[in-house]
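Protein chains in written order, with the working numbering: chain A, 294 to 651; chain B, 294 to 651.
C-beta atoms are modelled at their ideal positions from N, C-alpha and C, and glycine is treated no differently.
None of these values were measured; they are calculated from a predicted model.
2 protein chains.
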Amino acid sequence: MKKLAFLIAFVGFFSCKEQPKETVETSIREVQKEEVKKPEETFGIAIHGGAGTILKKNMTPEKETAYKAKLEEAIKVGHAILKNGGTSMDAVQKTINVLEDSPLFNAGKGAVFTSKGTNEMDASIMDGNSLNAGAVAGVTTVKNPINLAREVMVNSPHVMLSGKGAEQFAKERDLELVNPSYFFTEDRMKSLERVKEVEKAKEANKTVAFYDSVIKDAKFGTVGCVALDIRGNLAAGTSTGGMTNKKWNRIGDSPIIGAGTYANNATCAVSSTGWGEYFIRGMVAYDISALVEYKGLSLKDATKEVIQKKLTKLGGTGGVVAIDSKGNVSMDFNTAGMYRATMNADGELTVGIYKDEE
Amino acid sequence: MKKLAFLIAFVGFFSCKEQPKETVETSIREVQKEEVKKPEETFGIAIHGGAGTILKKNMTPEKETAYKAKLEEAIKVGHAILKNGGTSMDAVQKTINVLEDSPLFNAGKGAVFTSKGTNEMDASIMDGNSLNAGAVAGVTTVKNPINLAREVMVNSPHVMLSGKGAEQFAKERDLELVNPSYFFTEDRMKSLERVKEVEKAKEANKTVAFYDSVIKDAKFGTVGCVALDIRGNLAAGTSTGGMTNKKWNRIGDSPIIGAGTYANNATCAVSSTGWGEYFIRGMVAYDISALVEYKGLSLKDATKEVIQKKLTKLGGTGGVVAIDSKGNVSMDFNTAGMYRATMNADGELTVGIYKDEE
């Protein structure tokens with residue numbers, strides 16, 4: 294009996310892990326060879342850089358150009374990986390790295406500030422092939438939180454690590470650490486000051502609302518990516534600084550598998566952005582997958598049902614990017630805008646910000 | 294436009310909160326009055342105290358009696374609340390408090406030790422009526438983590454808090470705090486020592502498996518409760534010390550809404566216990582609800598599908614207790630045993646430990 298239990302634990306341990314790198318690379322090469330014989334295989338990628346009250350009238354042409362250029366740069370990194378027969382997991386991770394390294398988005402370098410003036414980042418990644426996943430919450434010194442999320446998935450027996458422990462693990466795994474001052478940006482500090490002013494005024498007036506429009510929008514800008522590779526493997530990842538002025542080591546939806554991130558080869562890959570509390574309560578990413586699996590909805594109908602009906606009814610705002618195993622992409626949001634881009638196997642690129650754009 | 298955004302944020306804020314206490318109490322009284330006219334209204338409650346390799350041959354009669362007595366004591370607290378017209382949220386919380394205060398279960402007083410010899414507790418609670426939820430991860434000084442989870446739900450704009458921040462919030466909300474030494478129990482310390490010995494032996498042998506049967510079972514004992522009140526409101530809650538020897542501030546499934554805990558009046562209330570990593574990847578609690586909602590499965594068939602098929606296929610072990618809006622209870626597990634009890638509106642009590650028991 295003990296031997297059996299050990300065997301089960303042992304098998305469970307391996308089923309919980311990604312394959313060793315060598316094996317994965319070998320299989321990539323094998324599939325690449327196979328790929329030549331199967332030109333019908335498709336691939337695709339979609340990204341978001343946050344949803345919110347993004348209105349054309351509040352944008353400068355320079356800012357718009359900067360956002361679009363960075364979205365294009367990021368998605369092309371992932372697209373190149375997929376085109377060369379790389380994995381969807383690599384495409385998701387490397388694409389998110391570009392967005393994390395830019396001060397434009399609320400993730401990595403551009404992470405928003407907590408109430409204490411620190412930066413606490415969350416991220417998660419999921420492999421639709423193995424249904425394995427990794428997530429981190431509240432890290433302050435990890436340059437690319439999405440890399441740590443993947444490291445948790447591949448090289449720990451856990452799915453989710455947090456705070457100091459997650460950073461200790463990052464150190465043990467030799468991930469790139471930076472001084473917390475790396476995450477300081479003038480723009481995000483100004484946002485914090487603005488939010489604190491509003492909060493102070495509210496407290497003086499003894500009104501109870503914690504959020505107003507300033508605060509509400511101060512939590513958007515999360516980045517995410519979903520991808521399908523030529524082997525039919527789906528992957529999804531999400532990375533964020535959370536919400537400006539967040540308190541008490543709040544954890545949002547981004548590091549929650551099923552809320553912020555979900556991928557399953559049988560259905561779809563989803564990355565969320567928006568008011569995290571509602572995305573957790575609505576299990577948004579997994580709910581889209583469940584509607585595809587259990588009700589047979591198309592990806593488009595499933596994302597519409599969850600974002601435009603269920604999330605909206607709950608009172609939540611935000612959006613998702615999603616891709617299914619046929620390469621169909623759906624990007625849905627109930628806010629004025631969502632930074633987003635898609636690229637398909639033919640190299641067709643779309644980049645959008647506002648609601649009315651294709 | 295700004296005014297509109299403010300209004301949306303304001304409405305969103307309230308939709309995110311429980312009603313003020315006075316209102317809830319008034320409505321309880323109102324419904325109680327109504328209740329006299331509706332004797333057909335039913336209610337019910339079910340609890341678990343963890344699933345694992347619980348075998349009769351390894352149990353002493355004294356230990357068995359102690360477990361059964363505590364399960365009975367706990368469920369009767371919740372049952373009395375429901376019988377007197379109280380809310381399912383109160384029943385869930387107060388029942389879990391009894392289990393948290395006992396050293397027998399891996400929650401509160403009996404929480405297992407982390408690798409560092411500390412106790413880090415996780416808990417979550419969800420209200421099936423409002424779909425509101427609260428959760429905490431990695432708290433070390435809060436006597437009853439489930440109380441803090443409910444406090445997060447009711448008195449913060451967030452769903453999930455963690456670590457020091459969650460404790461700061463507990464202090465601000467005047468929750469009962471204890472010295473971390475309160476959570477010291479001889480039994481759990483012995484478990485940690487045993488697990489560390491196994492780990493050391495493994496490292497010396499350079500085998501890669503992190504888990505063996507000792508370690509595997511050292512993480513069970515999570516407690517949970519689901520309840521239906523006479524108003525048809527469902528609630529679910531889960532509280533745990535996590536797994537013995539856990540590292541890097543690991544977060545398991547217990548504080549993850551949709552994995553460890555889920556409640557929705559339209560479907561069911563679910564509390565999970567088991568190998569948390571698999572419950573996160575499988576979105577176990579929400580998946581049961583999704584099967585009921587989208588595929589029209591009965592609660593019994595939905596729990597069976599998720600635990601015996603999907604979770605087992607993934608390699609995960611554990612179980613759930615669940616109740617639907619008609620008071621149907623389902624308790625399913627793929628381990629040798631699960632500490633559990635149920636009580637219905639007629640006061641019929643069942644208490645079980647092993648697989649073959651009713």
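Between residue i and residue j, how many whole angstroms is the CB-CB distance? I'm expecting something under 8 Å.
i              : j              : result
N538 (chain A) : S455 (chain A) : At roughly 20 Å, the Cβ-Cβ gap does not stay under 8 Å, so N538 (chain A) and S455 (chain A) are not in contact.
T605 (chain A) : N627 (chain A) : 5 Å
P548 (chain A) : A384 (chain A) : Not a contact, Cβ separation roughly 20 Å.
A552 (chain A) : A529 (chain A) : Not really, about 12 Å apart at Cβ, beyond 8 Å.
A400 (chain A) : S532 (chain A) : 4 Å
V614 (chain B) : V519 (chain B) : 6 Å
D522 (chain A) : F336 (chain A) : 5 Å
V435 (chain B) : L441 (chain B) : 5 Å
I581 (chain B) : V452 (chain B) : Not confirmed; about 20 Å, so no contact.
T566 (chain A) : M631 (chain A) : 7 Å
A404 (chain B) : F476 (chain B) : 5 Å
Pull the bridge partners of residue i from the DSSP assignment, please.
i              : result
S532 (chain A) : A:A416, A:V516
N637 (chain A) : A:G337
V244 (chain A) : Look at the range of chain A in this structure, 294 to 651, and you will see that residue 244 (chain A) is not part of it.
R652 (chain A) : Because chain A here runs from 294 to 651, residue 652 (chain A) falls outside it and cannot be looked at.
N614 (chain A) : One point to set straight first is that residue 614 (chain A) is Val, not Asn, in the sequence displayed. V614 (chain A) pairs with A:S564, A:M624.
M631 (chain B) : B:A344
Y555 (chain A) : A:V563
G421 (chain A) : DSSP output for G421 (chain A) lists no bridge partner at all.
Y647 (chain B) : B:G630
A583 (chain B) : Looking at the DSSP assignment, A583 (chain B) forms no beta bridge with any residue, so it has no partner.
G652 (chain A) : Outside the shown range of chain A (294 to 651) lies residue 652 (chain A), about which nothing can therefore be said.
G525 (chain B) : In DSSP, G525 (chain B) forms no bridge with anything.
M550 (chain B) : The sequence given here has Ile at residue 550 (chain B), not Met. In DSSP, I550 (chain B) forms a bridge with B:T554.
A426 (chain B) : B:M419
L642 (chain A) : A:M636
Residue i touches chain B at which residues, Cβ-Cβ below 7 Å?
i              : result
Y587 (chain A) : A583, L584, Y587, K588
Report the rounded CA-to-CA distance for residue i versus residue j, giving the unit in angstroms.
i              : j              : result
R574 (chain B) : K387 (chain B) : 29 Å
A459 (chain B) : I340 (chain A) : 32 Å
T411 (chain B) : K363 (chain A) : 44 Å
E490 (chain A) : G514 (chain A) : 21 Å
T353 (chain A) : I347 (chain A) : 12 Å
T635 (chain A) : I600 (chain A) : 19 Å
I263 (chain B) : A629 (chain A) : Missing from the structure shown is residue 263 (chain B); chain B here goes from 294 to 651 and no further.
S618 (chain A) : P396 (chain A) : 32 Å
G535 (chain B) : I544 (chain B) : 8 Å
V429 (chain B) : E444 (chain B) : 10 Å
M382 (chain A) : M419 (chain A) : 8 Å
K603 (chain A) : N557 (chain B) : 13 Å
A373 (chain B) : Y555 (chain A) : 40 Å
E586 (chain B) : T560 (chain B) : 6 Å
G343 (chain B) : D649 (chain A) : 51 Å
G620 (chain B) : L424 (chain A) : 33 Å
Q325 (chain A) : F572 (chain A) : Only weak support exists for where Q325 (chain A) lies, its pLDDT of 43 falling under 50; the coordinates are left without a value.
K483 (chain B) : K495 (chain B) : 18 Å
L392 (chain A) : T358 (chain A) : 15 Å
N637 (chain B) : M576 (chain B) : 28 Å
Y647 (chain A) : M414 (chain A) : 26 Å
G525 (chain A) : K493 (chain B) : 41 Å
E465 (chain B) : W541 (chain A) : 11 Å
V488 (chain B) : E469 (chain A) : 31 Å
G371 (chain B) : L590 (chain B) : 28 Å
E486 (chain B) : G645 (chain B) : 30 Å
K369 (chain A) : N437 (chain B) : 50 Å
E598 (chain B) : L642 (chain A) : 41 Å
S449 (chain A) : G427 (chain A) : 9 Å
Which chain B residues are close to residue i, counting only those with a beta carbon under 9 Å from its beta carbon?
i              : result
Y579 (chain A) : G551, M576, Y579, D580, A583
Strictly below 8 Å CB to CB, what residues from chain A border residue i?
i              : result
E570 (chain B) : C309, P450, H451, V452
F462 (chain B) : K540, W541
N425 (chain B) : R574
If the cut is a Cβ gap below 7 Å, which residues of chain A does residue i touch?
i              : result
Q601 (chain B) : Result: empty, since nearest Cβ-Cβ is about 15 Å, beyond 7 Å.
K457 (chain B) : N542
Name the chain A residues whose beta carbon is nearer than 9 Å to that of residue i?
i              : result
G431 (chain B) : S455, G456, G458, N542
For residue i, decide whether its Cβ has a neighbour in chain E, counting only Cβ atoms nearer than 8 Å.
i              : result
D580 (chain A) : Protein chains A and B are contained in the structure displayed, whereas chain E is not.
For this session: Mind listing, in chain order, the continuous alpha helix (DSSP H) runs of no fewer than 4 residues lying wholly within the stretch 345-391 of chain A?
Result: The stretch 345-391 of chain A contains, as complete alpha helix (DSSP H) runs of 4+ residues, the segments 354-376 (chain order).
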